[in-house]
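Chemist: Heads up: the protein sequence lines correspond to chains A and B, in order. Under the numbering used here, the first sequence has 21 at position 21, and the numbering climbs by one with no breaks. Under the numbering used here, the second sequence has 81 at position 81, and the numbering climbs by one with no breaks. Using N, Cα and C, we set each Cβ at its ideal position, and we do this for glycine too.
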Amino acid sequence: KNQVEQSPQSLIILEGKNCTLQCNYTVSPFSNLRWYKQDTGRGPVSLTIMTFSENTKSNGRYTATLDADTKQSSLHITASQLSDSASYICVVSAQAGTALIFGKGTTLSVSS
Amino acid sequence: NAGVTQTPKFQVLKTGQSMTLQCAQDMNHNSMYWYRQDPGMGLRLIYYSASEGTTDKGEVPNGYNVSRLNKREFSLRLESAAPSQTSVYFCASSELGVWEKLFFGSGTQLSVL
Numbered sequence: 001k002n003q004v005e006q007s008p009q010s011l012i013i014l015e016g017k018n019c020t021l022q023c024n025y026t027v028s029p030f031s032n033l034r035w036y037k038q039d040t041g042r043g044p045v046s047l048t049i050m051t052f053s054e055n056t057k058s059n060g061r062y063t064a065t066l067d068a069d070t071k072q073s074s075l076h077i078t079a080s081q082l083s084d085s086a087s088y089i090c091v092v093s094a095q096a097g098t099a100l101i102f103g104k105g106t107t108l109s110v111s112s
Numbered sequence: 001n002a003g004v005t006q007t008p009k010f011q012v013l014k015t016g017q018s019m020t021l022q023c024a025q026d027m028n029h030n031s032m033y034w035y036r037q038d039p040g041m042g043l044r045l046i047y048y049s050a051s052e053g054t055t056d057k058g059e060v061p062n063g064y065n066v067s068r069l070n071k072r073e074f075s076l077r078l079e080s081a082a083p084s085q086t087s088v089y090f091c092a093s094s095e096l097g098v099w100e101k102l103f104f105g106s107g108t109q110l111s112v113l
């Protein structure tokens, strides 16, 4: 069964600190993996999209890594800001059809 | 550039009532989608429209109907609302298909009493 598992479920960090969110997937065949940021009361916004041939992709202070062999991805946030408080959703696209498998998300709270 | 616009933002219905959720995108995208988001679950696809004039069922289509009115607009209709349809509904669009980046609207919070 195609699944996307994210950890931790929630995380609290101090402003200025770094953090890493994890995503493990069992989707096959694999097309690409995305990370979305969802602010409270808003729709998800794309941060990165990576295909199986890409190991790392950055978007400002956000860096995503992908290991297609172990089916793991991580999202690293550097020098966190209060505005980084949000839910971060890992989404995996299967090669066929319209299948997008969404993780349940990691809720990040950045405190001052 | 508004992106994807959804209306209404909030709605309360009684069991058995009907309503239509509206969605419009101004990015000239071909594909549009309706998702629902429930607590503790990932987003689930209700219906999608790969291109103007076509619609297909997603993972959880029961109790819903859709209309791709034109290239810009994709509506979701609940014919007889049930409490199980209490959720946050998101419309999304992409240029050519789901393998590309999706752009989401800000959502409709629906409560069915």
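1) Can you give me the C-alpha to C-alpha distance between Leu110/B and Gly63/B, rounded to a whole angstrom?
2) For Ser7/A versus Thr107/A, is the C-beta distance shorter than 8 Å?
3) Can you list, in chain order, the residues of its chain whose CB lies under 7 Å from that of Arg44/B, leaving out five sequence neighbours each side?
4) Helix, strand or coil for Leu84/B? Go by DSSP, reduced to three states.
5) If I follow the unbroken beta strand (DSSP E) through Ala79/A, where does it start and stop?
6) What are the boundary residues of the beta strand (DSSP E) that Lys37/A is part of?
7) Report the option in Val110/A, Ser112/A, Ile101/A, Gly105/A whose CA atom is closest to the CA atom of Ser28/A.
8) Let me make sure I understand the geometry here. Which of Val91/A, Asn2/A, Gly105/A has the alpha-carbon closest to that of Met50/A?
9) List the residues of chain B that Val4/A touches, going by C-beta distances under 9 Å, in chain order.
10) If you draw a straight line from the alpha carbon of Phe103/B to that of Pro44/A, how long is it in whole angstroms?
11) What's the C-alpha gap between Glu54/A and Ser31/A?
12) When burial is assigned at 16 or more other CB atoms within 10 Å of the CB, is Lys37/A buried or exposed?
13) Check the Cβ-Cβ distances between Gly105/B and every residue of chain A, and say whether any is below 8 Å.
14) Is the number of C-beta pairs between the region 73–90 of chain A and the region 73–87 of chain B that are closer than 8 Å three or more?
15) For Lys71/A, which residues of its own chain have a beta-carbon under 7 Å away from its beta-carbon, when the five flanking residues on both sides are left out?
16) Inspect the CB distances between the region 82–102 of chain B and the region 21–28 of chain B and report whether three or more fall short of 8 Å.
17) May I ask you to report which of helix, strand or coil DSSP gives Ser7/A?
18) Any idea what DSSP makes of Asp84/A, helix, strand or coil?
19) Going straight from the alpha carbon of Phe52/A to that of Ala64/A, what length do you get?
20) For Ile12/A, count the other beta carbons within 10 Å of its own beta carbon; 16 or more makes it buried, fewer makes it exposed. Which is it?
Modeler: Short version:
1) 14 Å
2) no
3) Tyr35, Arg36, Glu59, Val60
4) It is Ser, not Leu, that sits at residue 84/B in the sequence shown. Ser84/B: helix per DSSP, three-state reduction.
5) First-last for Ala79/A: undefined, no H or E at that position.
6) The continuous beta strand (DSSP E) containing Lys37/A extends over residues 30–38.
7) Ile101/A
8) Measuring from the Cα of Met50/A, the nearest candidate turns out to be Val91/A.
9) Gly42
10) 8 Å
11) 11 Å
12) buried
13) yes
14) no
15) Asn24, Tyr25, Thr26
16) Three or more Cβ pairs closer than 8 Å define a contact, and the region 82–102 of chain B meets that threshold against the region 21–28 of chain B.
17) Strand at Ser7/A.
18) helix
19) Answer to the nearest angstrom: the Cα atoms are 13 Å apart.
20) exposed
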